[in-house]
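Q: Sharing a structure here in structure tokens format.
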């Protein structure tokens, strides 16, 4: 099958290798440029817990000194794995959505409302987790440590690859990425090549972007289950 992956290359390499090994053809169409904001190191002694809502938040996280046993709430299994690779040992993973993460924090006995929590995220978020938790009585400090910029161009080689190998599946991981991908499709008149494509969306919010644009074949998959999701379709 022909598959388009839209995440940055560093986040897609493992999945690309797995798809390649199964004989699939992969076309990489990155939709967001992720950049560190070069924040000063964070003093974890000021906090009793930390929240990561993306792998990028962990990737660009800097601290003055290690505090490996701090309670670390992660949005899903991928971010939890990366947190552990970065030395955090007291990690708790939600089901892959920020809403699930919110309910996990509220129901958890790992932290109390009078404790201070660091919320590490990017400059463009689709869910105001910090505001929701503040309404619940938590002390949250929001720290933005990376930015995302839409990519609205594709090179000639990738354009030809799409023309010669119309995609069966397109994997999209955020609302902003969905918006960028749709803009690319419109700019390069690629939609006629994708009328038979199934867009695989990581959440209902991502799917809603394509629904508004009248895309017909839309499915939702669980984070980390890309290969499994194709088997059950």
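In the numbering used here, the protein residues as written are 1289 to 1521. By construction, the Cβ of each residue, glycine as well, lies at the ideal position given by its N, Cα and C atoms. These numbers were taken from a predicted model, which means no experiment stands behind them.
Quick check on the burial criterion: 16 or more other C-beta atoms within 10 angstroms. Buried or exposed for residue 1474?
A: Start at 1 with the first residue of the chain shown, and residue 1474 comes out as number 186. Exposed, because fewer than 16 other Cβ atoms sit within 10 Å of the Cβ of residue 1474.
Q: With the cut-off set at 8 Å, would you say residue 1470 and residue 1432 are in Cβ contact?
A: The residue given as residue 1470 occupies position 182 in the chain shown. The residue given as residue 1432 occupies position 144 in the chain shown. Contact: no.
Q: Compare the beta carbon distance of residue 1341 and residue 1389 with 8 Å and say whether it is the shorter of the two.
A: Walking along the chain shown from the start, residue 1341 turns up at place 53. Walking along the chain shown from the start, residue 1389 turns up at place 101. A contact, by the Cβ cut-off of 8 Å.
Q: Would you mind reading off the limits of the alpha helix (DSSP H) that contains residue 1437?
A: As a position in the chain shown, residue 1437 is number 149, starting the count at 1. From DSSP, residue 1437 is part of no alpha helix (DSSP H) but of the beta strand (DSSP E) over 1427-1438.
Q: Under three-state DSSP, which class holds residue 1342?
A: If you number the chain shown from 1, residue 1342 lands on position 54. In this structure, residue 1342 counts as coil in the three-state DSSP scheme.
Q: What is the DSSP secondary structure of residue 1377, reduced to helix, strand or coil?
A: Mapped onto the chain shown, residue 1377 falls at position 89. Three-state result, residue 1377: coil.
Q: Is residue 1319 helix, strand or coil when you go by DSSP?
A: Numbered from its first residue, the chain shown carries residue 1319 at position 31. It is coil, neither helix nor strand.
Q: Taking residue 1299 as the reference, give the member of 1459, 1487 and 1492 with the closest Cα.
A: Counted from its first residue, the chain shown places residue 1299 at position 11. Checking every option, the nearest Cα to that of residue 1299 belongs to 1459.
Q: My output table needs one value for residue 1335: the three-state DSSP class, helix, strand or coil.
A: On the chain shown, position 47 is the one that residue 1335 refers to. The answer is coil: DSSP assigns residue 1335 none of H, G, I, E or B.
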